[in-house]
Every structure is written in structure tokens, then in C-alpha cells.
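The structure under discussion appears below in the form of C-alpha cells.
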Amino acid sequence: MIDEECLLAALTDLGFERPKVEVHATPVALVGFAADARDQTAHIVIRRKHVGAASNDIGFLSTPTGYRLFVSDYDRPRFGPDWLARLTERYEQHSAAKQHRIAEEERRRLEEARRQLVEAQRAAVHEKAKKMGYQVKETREGDTLRLVLIKRTY
3 MIDEECLLAA LTDLGFERPK VEVHATPVAL VGFAADARDQ TAHIVIRRKH VGAASNDIGF
63 LSTPTGYRLF VSDYDRPRFG PDWLARLTER YEQHSAAKQH RIAEEERRRL EEARRQLVEA
123 QRAAVHEKAK KMGYQVKETR EGDTLRLVLI KRTY
């Protein structure tokens, strides 16, 4: 898991709504059940009051290869491999949806750039044809634009 937005969405799906999850630019210390600071630090933190009675904070530390999860031994039965598998599944769904959204936005951007290029070329042909004494007849066939130059001579 490398995308913060997708990780936060996956956590929301598993019941940790955004107000229950802290996001920090620099890692902060996780807190244990006795309100003691633990050795681990994390960028994304679910404080113990949202995890359960006598629980510890859950944290996600951002690393160059993705987020590293910190769950205490006490909380591991509830937030262990099964929970992590559900989180990963939800993360992958959000990540796939985000990638699809990004690809669609890029497709639209390229389509608009192509449309603007065609329109600029069309306008240039019209201008040049007019200077040379031609008329331009336009026809459209699907995505194809056909320009025919007509010059009447008497």
C-alpha cells in the first residue's frame, strides 16, 4: 500500500471514518494502553480510544516501499492477518478505481488536445484558402473532417 488517499478510503470502509484517523506530515509517536509513548512512530494513526478498551494506537509509517503497519501484540488478534487482508482488498479496490479515474481523465485530456489541434489546423486552412481566393466546403463523416477547396474561374 503506497497511496495515502486509497489507504484512508480503505480504513473508512473498515469503520475508521476520517475524523478517527490522524494524518501527519512527519511521524508521531504511537501511544500504548497505559498512555505511554511507544518506540514506534507513524504518519497515519488510529488512536487507542477508537481501537478499543485497553488497546494501543495503530499506526502506518510511510516508507519508500509503502506503508508499514504497527499493531501491538495485544491488538493483533483483532487487527491481525484477517483484518489486514480485508484492508488490503479494500485498498486494491480503491486503487483500481483511482487508476481508472486517472486513465479516464488522461484520455479526456488527450481527446481535448486533439480536438483543439484539429480546430487550429481547420482555421489555418480556412484562412490560407481565403487569402488564395478559395472557398472551403466542409463535411463531417463520423470523426473525419473533410475540407474541399473550391475556386471558381469564369
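Plus 2 on top of the position in the sequence shown (first one is 1) and you've got our numbering. Ideal Cβ placement from N, Cα and C applies to all residues, glycine included. It should be emphasised that the depicted structure is a prediction, and the values quoted were computed from it without experimental measurement.
Residues in the same chain with beta-carbon distance under 8 angstroms from residue i, minus the five sequence neighbours each way, listed in chain order, please.
{"i": "residue 76", "result": "35, 56, 57, 58"}
{"i": "residue 33", "result": "39, 40, 49, 50, 58, 59"}
{"i": "residue 102", "result": "none"}
{"i": "residue 85", "result": "16"}
{"i": "residue 81", "result": "53, 60, 73"}
Do residue j and residue i come within 8 angstroms of each other at the CB atom, strictly closer than that value?
{"i": "residue 12", "j": "residue 93", "result": "yes"}
{"i": "residue 132", "j": "residue 152", "result": "no"}
{"i": "residue 8", "j": "residue 64", "result": "no"}
{"i": "residue 124", "j": "residue 149", "result": "yes"}
For residue i, count neighbouring C-beta atoms within 10 Å of its own C-beta (all shown protein chains included) and say buried if the count is 16 or more, exposed if not.
{"i": "residue 112", "result": "exposed"}
{"i": "residue 104", "result": "exposed"}
{"i": "residue 3", "result": "buried"}
{"i": "residue 156", "result": "exposed"}
{"i": "residue 68", "result": "exposed"}
{"i": "residue 44", "result": "buried"}
{"i": "residue 53", "result": "buried"}
{"i": "residue 61", "result": "buried"}
{"i": "residue 119", "result": "exposed"}
Which whole-angstrom value is the C-beta distance of residue i and residue j, which I expect to be below 8 angstroms?
{"i": "residue 73", "j": "residue 46", "result": "Contact flag wrong, Cβ pair sits at about 13 angstroms."}
Does any residue of chain D have a CB that is nearer than 8 angstroms to the CB of residue i?
{"i": "residue 122", "result": "Absence of chain D from the displayed structure is noted, only one protein chain being present."}
Quick one: residues in its chain with C-beta nearer than 6 angstroms to the C-beta of residue i, no 5 flanking neighbours on either side, listed in chain order?
{"i": "residue 134", "result": "none"}
{"i": "residue 137", "result": "152"}
{"i": "residue 22", "result": "52"}
{"i": "residue 31", "result": "39, 43"}
{"i": "residue 99", "result": "none"}
{"i": "residue 122", "result": "none"}
Name the one or two DSSP bridge partners that residue i has.
{"i": "residue 64", "result": "69"}
{"i": "residue 46", "result": "25, 62"}
{"i": "residue 33", "result": "39"}
{"i": "residue 148", "result": "141"}
Apart from the five residues on each side of it in sequence, which residues of its chain come closer than 7 angstroms, Cβ to Cβ, to residue i?
{"i": "residue 141", "result": "148"}
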